[in-house]
Structure formats: structure tokens, C-alpha cells
Ligand code: SF4
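Numbering (our numbering), first residue to last: 28 to 475.
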């Protein structure tokens, strides 16, 4: 059982030195008990206390890493039920199903799809992270060669799904260095799967027919020393599966119930045959509280909305989403193209760059670091005024790219035009539209 805040407090140094980031040991103990702080934040905790506190200091939902190398997927590690309480930590992984009964051309097409459907937004590359290889053939040799083929031809993280321990062992051996997720331990094979997980060092999914059975299995596996677990409550009905997600999350976070303190895997691919419905079901689990979401297939239209939803939900609400400061060429600009400037609040960037793209007018867009604040807010805070914009424009390198000296500023900071003409000697400052929707018409009428 996890320790209470008072029990943790008794084990702390009680010097109230504040080096952990909160003013008192009691406040730190309470945060630790709530999973909002890490024990390592206190530099003075004794080794003896450390040992006793290790359970209390572990996140209520243990983090699990799938894969190795450059892009392993970390799931779990969550500490709050609702995003606004603090933030969600690790976005769910999206997995594309590949069956060992598919022809090799289809396998390769799916691997290519995972590689190609990547989207660059707000400085991040968004895409699916996993392929779920399913042993539908029942043939261990076929499954092993599929795992081997995927390992050699894709850098996606891998889930190995089979009802046969023998087939899983063969495939896991072929892809062992990629640390695939083994799916799944059940009440019928739990001992053999525990042995395989220990031998390979791979994370292990646990599949049950209901939460009570799930608890029995995780108790058994953790007693055997296996803690890298991913939970499947077994339901393939949306309502039951959704309820299971909420119960698992709240049991782990609110009740501190360790047997359910692991990330989950959900399988919309087994809940419907309708691709549209499957995407909608997946979107529900992106919001609450899937750790891995396995899809039977996807294309740009179904994957992109899920990626954007995931990005939004797993963005830290305490830190504005910002675009990197710099020069953004849009529609292949040249030395005569207009130069616009705006703030680095991502929503502003998306809207302005989208409208410029729509206009089809080649344009240079300067993005000034305003700590993620919008045009008006950053202007009001003194982070987007003439004295900070001017040095940025001069250092940005835009003078090497555009031969004219005209700068278009957002209509909302028209008051800065005079100050900018003083700061930027030789430049003409033009006041652009206030609203993004008016940018295309403005650009089409622009003359160098
Ligand atoms: S750093 Fe440790 S000793 Fe100092 S206030 Fe925090 S918990 Fe107490």
C-alpha cells in the first residue's frame, strides 16, 4: 500500500530548506503522496528513508517504454485525472495493425504508410509510433518472419500479438533488440508469459475478461518481479471499454490502487468494421485514457485528426504552445516577396501561415519569439513592441533574402509603426490586416 502524506513526512529530514521547490517538508510529503513530485527533488533524504519511500514516490501509473533506439514510446506515468489539474504526461501511441496473413505487398504498403504519414506542426513531427503485428495465421514461423521483416524495414516500435506463447517467443527473439510489447499474458498462459517477459526484458501486456481478473493477473506478475505491464480489460464494446478506462485511471490515481497502476491498451480495430466509426472510437480513447490505441488501418483523413487531437490534449496547459523563432518561406518566395511578421503563439502561426498558403502569394513570414503569447497579449506585455521587433528583424537574416525594405506588421500593433520606422532606419513599415482572413486579399494587392 502506498504511504500517506503524514507517513512520508515522518521519513523526511524536516529542515524545511525549500530546495525541493516547495517551502516545507510537509508540503513536499503531500505532493509526493499525490504523485505530483519526485523523491529525487529532495537532496537530503537518507538512504534508509529512500528505500522506504520508493513505493510512495513511484508514479501512481507506472511509465512503460516500448521500443529501443532513437524513438522509443513512453506511455503511462500519469498523475492527474484531468488535464487542467496539471498536465497529461505521455501521449497514447497509435498503432497500425499488420497481420501475418497479409501478402507481403500489403505489409510493405502499411510500413510505407507509417513512414509517409508524418506531419510537421508547431516544431513537432506528428505520426503513428507503432505497428501491431498479429499472428492470425497461428503459424509461429510466419509470425517470426513477419517480425524479422518489420524490424529490418521499419523503425516503428513493435507490438507482437499472438495467442501462442511459442509464436510470441519466436517473434520476440527475432525482434528482441527492439524491445517489442508482448501481447498478451492471460489467465491461461500467465506463467509462461512471465518467463518470456523476464528472458527477453520486453514489456508485457495483460489481457483479462474483466477488471477483477486483471487485478489477479497483475498481482501475480508484479509478485514475480515484472513491472513493465500494459493493461487490456478485455472488453470490445465501446461503453464497457470506456468505463474500464475511467475506472482503471481513477483506481490508480484516486484510490492509489497499485494493481491497476499501469497504462492501458485499447483495440478499436476489434470494436467495429466501419473505418469512420473506428476513428471516432479511437478519438474517445485519445481523450480518456488509452495508453496504446490499435487501429485496423488509417489514412491521412483519419490519422491527422487523431494526431491533432492528441497534440492538443497532451499539450501542457501551463505552457503556451510556441513556434520556433525564425524566417518561414511560404509559397517559394524570392527577393521581391512581401515580408510579414507575427508572434510565435502557435495558433497565430497556424492561422497566418495557412492564410498565406491559401493566397498562393510567395511570402516571407518572420516569427518573433514572444514566449508563446498572441499578438495582442505579447504587445501588451512589451514582448512584441518596436524595441524588440527591430533587433530581431535585423538579426534574422531577412535582409539577405529580400532586397526591398518593407515590413508588414499585424494590424493589432499599428501603434508600433512609428517606433519601428525609427528603430529600423530605411525601412517602410506597412500595417497589415487585423484578421487572418483578410491576409490573402492584402497580399494579392501588395507591391514591392
Ligand atoms: S528539500 Fe527535503 S529537506 Fe528541504 S524542504 Fe524539501 S523535503 Fe524538506
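Even glycine gets a Cβ: it sits at the ideal position worked out from N, Cα and C.
Check	Outcome
I think residue 238 touches residue 274, with their Cβ atoms under 8 Å apart; what is that distance to the nearest whole Å?	6 Å
Less than 6 Å between the CB of residue 58 and some heavy atom of the ligand SF4, yes or no?	no
Check whether the Cβ of residue 69 sits closer than 6 Å to any heavy atom of the ligand SF4, and report yes or no.	yes
Looking only at C-alpha atoms, which of 213, 234 and 209 sits nearest to residue 224?	209
Say yes only if the C-beta of residue 39 is nearer than 6 Å to one or more non-hydrogen atoms of the ligand SF4, and no if none qualify.	yes
With burial defined as no fewer than 16 other Cβ atoms inside 10 Å of the residue's Cβ, what is the status of residue 44: buried or exposed?	exposed
If you reduce the DSSP assignment to three classes, tell me which class residue 135 lands in.	helix
Under the DSSP definition of a beta bridge, which residues are partnered with residue 357?	390
Can you find the residues in the same chain that come closer than 6 Å, C-beta to C-beta, to residue 432, ignoring five residues on each side of it along the sequence?	453 and 454
With 16 as the cutoff for other CB atoms within 10 Å, does residue 147 come out buried or exposed?	exposed
Does the Cβ of residue 42 lie closer than 6 Å to at least one heavy atom of the ligand SF4?	yes
Taking 7 Å as the cut-off, decide whether the C-beta atoms of residue 157 and residue 183 are in contact.	yes
Looking only at its chain, what residues have a beta carbon closer than 6 Å to the beta carbon of residue 7, apart from the 5 residues adjacent to it on each side?	Past the edges of the chain, shown from 28 to 475, lies residue 7, and the structure says nothing about it.
Based on the DSSP secondary-structure assignment, which residues constitute the bridge partners of residue 513?	Nothing can be reported for residue 513, as the shown portion of the chain is limited to 28 through 475.
Given 6 Å as the limit, tell me if residue 296 has its C-beta closer than that to any heavy atom belonging to the ligand SF4.	no
Who are the near neighbours of residue 41 in its chain, counting only those whose CB is closer than 7 Å to its CB and skipping five residues on each side?	52
Taking all protein chains shown into account, decide if residue 309 is buried (16 or more other Cβ within 10 angstroms of its Cβ) or exposed.	buried
Could you tell me which residues DSSP pairs with residue 259 in its beta bridges?	234
Give a yes or no on whether the C-beta atoms belonging to residue 297 and residue 263 are separated by under 7 Å.	yes
Among the residues of its own chain, which have a CB less than 7 Å from the CB of residue 407, if the five just before and after it don't count?	none
Terminal residues of the continuous beta strand (DSSP E) containing residue 455?	455 to 458
Which whole-angstrom value is the C-beta distance of residue 163 and residue 128, which I expect to be below 8 Å?	5 Å
Any heavy atom of the ligand SF4 within a distance shorter than 6 Å of the CB on residue 46?	yes
For residue 201, does the count of other Cβ atoms within 10 angstroms reach 16, so buried, or fall short, so exposed?	buried
Would residue 235 and residue 261 be called neighbours here (beta carbons separated by less than 7 Å)?	yes
Starting from residue 174, trace the alpha helix (DSSP H) in both directions and tell me its first and last residue.	167 to 180
Report yes or no: do the segment 391 to 402 and the segment 336 to 355 share at least 3 C-beta pairs separated by less than 8 Å?	yes
Enumerate in chain order the residues of its own chain whose CB-to-CB distance from residue 56 is below 8 Å, with the five nearest sequence positions on each side excluded.	32, 33, 35, 36 and 39
For the ligand SF4, I want to know if residue 36 counts as a neighbour, meaning its beta carbon is within less than 6 Å of at least one of the ligand's heavy atoms.	no
So does residue 229 have its beta carbon nearer than 6 Å to some heavy atom of the ligand SF4?	no
Skipping 5 residues on each side, what residues in its chain have a beta carbon closer than 7 Å to that of residue 247?	217
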